[in-house]
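Enquirer: The structure that follows is given in the form of structure tokens.
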Amino acid sequence: MEVCRNLDHWHTPGAVLTLGFFDGVHLGHQYLLERVKLEAARRGAPAVVFTMWPHPRIVLGQEPQTFRLINDLDYKLELFDRLGIDAAVVLDFTIEQSKLEPEGFLQQVLFDKIKPQAVFIGYDHRYGYRGRGDYALLAQFAKAHGFDAFRGEALCCEGKELSSTLVRSTIAAGDIALAERYLGRNFLFYGSVVPGKQLGRTIGFPTANIQPRSGWQLLPGHGVYSGYCVIGECRPEVRYRAVINVGSRPTVDSNGDTSIEAYLLDFHGDLYGRQLGVAFSRKLRNELRFASLENLREQIERDVRMVREE
């Protein structure tokens, strides 16, 4: 998949395009992207996603300490590629960009730079200054400028209207199994293995301490999860089943900081400095404080048995 990060370098007019941030690339997004692909194939045109980074809520300082994202940019682009999108245009979203009125965005960014022949947006997508732009304005602009506009439909799953906000809240609550149904895949993020206290080695369970590669990475609620880890640079991809702890490690730490640790079943080697994909399958239990490291070791043994039996 081609990735364009500078609008001045885009030289492919006539694309079938969709606009959106697409955090999570959940089933609702996937349905819209499939429509884009089908329309592009019908017209013999490339299927293109127009997205932005960072999220407007981050750039505009709304909840900068608490707002988190399901995917970082690189993983989102990887998902687009897997779904068969031909190209992605990534707008570097800035304060100046946020001040563009919807008509200015459609004219200066969409029409003048990209020159699409058809544009899809999600049923609730907003754009331009303070989100004033909607589908009605896009349709009016498209008619005046000779391209087609399409609006996606809401998709319901488990009785709820799918949205990135819904998926974020589900992950944050630790309901990983439900989040998987919303996403159509495991919730996964990438990070680097960093040095820790190496206490796991002393009880027979060396863990990888993982630093997410995005400072805005959403994490599941505190608890112990089953899942798997992928060593990022390995090709073909090799998965290791894992017991994953997200929390403050109350048995061995008192600072209250959130950390992510993974014990990879049947892995023997050094992971320091390597990139891991960390995927979550289901929550095994809440994080607990144990009276001793021996009690902790016994519980981890039980956790590992549960993961092996899945």
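The sequence shown begins at 1203 in the numbering used here and counts up by one.
Backbone N, C-alpha and C define an ideal beta-carbon position, used for all residues, glycine too.
From a predicted model like this one, the values you see are computed outputs, not experimental measurements.
1. State buried or exposed for ASN1411, treating a residue as buried only when at least 16 other CB atoms are found within 10 Å of its CB.
2. Determine the closest residue to VAL1426 out of GLY1386, PRO1438, ILE1287, ALA1481, with distance taken between C-alpha atoms.
3. Can you grab the Cα-Cα spacing for the pair LYS1278 / GLY1402, in whole Å?
4. Take ILE1287 as the anchor and find which of TYR1392, TYR1233, LEU1293, VAL1251 has the nearest alpha-carbon.
5. Identify every residue that forms a DSSP beta bridge with ALA1249.
6. Just the C-alpha distance for LEU1467 and ILE1502, rounded to the nearest angstrom, thanks.
7. Which class does LEU1275 belong to by DSSP, given the choice of helix, strand or coil?
8. Which ranges does the alpha helix (DSSP H) cover as unbroken runs of at least 4 residues, wholly within the region 1285–1344, from first to last along the chain?
9. Judging by CA-CA distance, which residue of LEU1275, GLU1280, HIS1257, ASP1276 is the nearest neighbour of PHE1269?
10. For GLY1386, tell me which candidate among HIS1213, ALA1290, LEU1285, LEU1473 has the shortest Cα-Cα distance.
11. Taking the straight line between their C-alpha atoms, what separation do you get for VAL1547 and PHE1295?
12. Taking the alpha helix (DSSP H) that LEU1262 falls in, what are its first and last residues?
13. Leaving aside the five residues before and after GLY1429 along the sequence, list all residues of the same chain whose C-beta is less than 6 angstroms from its C-beta, in chain order.
14. Per DSSP, which one or two residues make a beta bridge with LEU1478?
15. So the candidates are GLY1222, GLU1241, VAL1291; which of them puts its Cα closest to the Cα of GLU1204?
16. By the DSSP assignment, the beta strand (DSSP E) with SER1461 in it spans what residues?
17. Given a threshold of 16 other Cβ atoms within 10 Å of its Cβ, counted over all protein chains shown, does ASP1210 qualify as buried or as exposed?
18. Residues in the same chain with beta-carbon distance under 6 angstroms from SER1416, minus the five sequence neighbours each way, listed in chain order, please.
19. Do the region 1211–1224 and the region 1304–1319 meet, that is, are 3 or more Cβ pairs less than 8 angstroms apart?
20. If you follow the beta strand (DSSP E) that GLN1501 is in, where does it begin and where does it stop?
21. Identify every residue that forms a DSSP beta bridge with HIS1352.
22. Sorted by chain position, which residues of the same chain lie with C-beta nearer than 8 angstroms to GLY1406's C-beta, five sequence neighbours on each side aside?
23. Where GLY1361 and VAL1321 are concerned, what is the direct C-alpha to C-alpha distance, given to the nearest angstrom?
Expert: If we stick to the structure as given:
1. What you label residue 1411 is simply residue 209 of the sequence shown in a count that begins at 1. Buried.
2. Start at 1 with the first residue of the sequence shown, and residue 1426 comes out as number 224. The shortest C-alpha separation from VAL1426 is found at ALA1481.
3. Position 76 of the sequence shown, counted from the first residue, corresponds to residue 1278. Position 200 of the sequence shown, counted from the first residue, corresponds to residue 1402. Their backbone Cα atoms lie some 33 angstroms apart in a straight line.
4. Counted from its first residue, the sequence shown places residue 1287 at position 85. Residue VAL1251 is the option with its Cα nearest to ILE1287.
5. By one-based count along the sequence shown, residue 1249 stands at place 47. ALA1249 pairs with VAL1218.
6. Along the sequence shown, one-based indexing puts residue 1467 at 265. Along the sequence shown, one-based indexing puts residue 1502 at 300. LEU1467 and ILE1502: Cα-Cα distance of roughly 12 angstroms.
7. On the sequence shown, position 73 is the one that residue 1275 refers to. Residue state, collapsed to three classes: helix.
8. 1297–1300
9. On the sequence shown, residue 1269 is found 67 positions in, with the first residue counted as 1. The shortest Cα separation from PHE1269 among LEU1275, GLU1280, HIS1257, ASP1276 belongs to HIS1257.
10. Here residue 1386 is taken as the residue at index 184 of the sequence shown, counted from 1. Ranking the options by Cα distance to GLY1386, first place goes to LEU1285.
11. In the structure as shown, the chain begins at 1203 and stops at 1512. Residue 1547 is therefore absent and cannot be evaluated.
12. Numbered from its first residue, the sequence shown carries residue 1262 at position 60. First-last for LEU1262: undefined, no H or E at that position.
13. In the sequence shown, counting from the first residue as 1, residue 1429 sits at position 227. Around GLY1429: ALA1444, ILE1446, ALA1481, PHE1482, SER1483.
14. The residue labelled residue 1478 in the question sits at position 276 within the sequence shown. Per DSSP, GLY1393, ILE1433.
15. The residue given as residue 1204 occupies position 2 in the sequence shown. It is VAL1291 whose Cα lies nearest to the Cα of GLU1204.
16. The sequence position of residue 1461 within the sequence shown is 259, counting from 1. Per DSSP, SER1461 belongs to the beta strand (DSSP E) from 1461–1466.
17. In the sequence shown, residue 1210 corresponds to position 8, counting from 1. Exposed.
18. To locate residue 1416, count along the sequence shown from 1; it is residue 214. ASP1274.
19. yes
20. Here residue 1501 is taken as the residue at index 299 of the sequence shown, counted from 1. Unbroken run through GLN1501 is the alpha helix (DSSP H), 1495–1511; no beta strand (DSSP E).
21. What you label residue 1352 is simply residue 150 of the sequence shown in a count that begins at 1. Strictly speaking, residue 1352 in this sequence is Phe, with His absent from that position. Paired residue(s): PHE1322.
22. Stepping through the sequence shown from its first residue, residue 1406 is reached at position 204. Excluding positions up to five away in sequence, the list reads ARG1499.
23. Counting from 1 along the sequence shown, the entry for residue 1361 is found at position 159. Counting from 1 along the sequence shown, the entry for residue 1321 is found at position 119. If I take the Cα positions, the gap works out to 29 angstroms.
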